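In this text, residue positions in the sequence shown follow the working numbering: the first is 138, and each later residue adds one.
Heads up, the thing below is written out as structure tokens.
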Amino acid sequence: MKPLKILYPFSFLYYLGFIISQRIKKNRQKRLSCKVISVGNITVGGTGKTPTVIFIAELLKSLNKKVCVISRGYKSSINSRQ
Numbered sequence: 138m139k140p141l142k143i144l145y146p147f148s149f150l151y152y153l154g155f156i157i158s159q160r161i162k163k164n165r166q167k168r169l170s171c172k173v174i175s176v177g178n179i180t181v182g183g184t185g186k187t188p189t190v191i192f193i194a195e196l197l198k199s200l201n202k203k204v205c206v207i208s209r210g211y212k213s214s215i216n217s218r219q
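Dropping the structure here:
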């Protein structure tokens, strides 16, 4: 038996887990009365996210828009507030 054929049942379990995860995330979505811009990516540090957020915030403020920046921080929990 080829090794790849052994992995087929696991791929089905992985796919099933992915579908369940997507359904859970969809149920947690909320509709907001304001516009939201999310700046982020997989890479931590050194990719220019902070300067990008500062630029966008200053640009929107110059257009007389209300701006609120929320930073979760690396590995922080939702309950930690400053």
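Where a beta carbon is used, it is the ideal one built from N, C-alpha and C, also for glycine.
Just so you know, these numbers come straight off a predicted model, no measurement behind them.
Check	Outcome
Nearest-angstrom beta carbon gap, K186 and V126 [assumed within contact, 8 Å]	Not covered by the structure: residue 126. The range shown for the chain is 138 to 219.
Separation of K167 from Y145, as counted between CA atoms	36 Å
The alpha helix (DSSP H) enclosing T189, as first and last residue numbers	K186 to S199
For S208, the three-state DSSP class (helix, strand or coil)	coil
Inter-residue Cα distance where the pair is L197 and S170	17 Å
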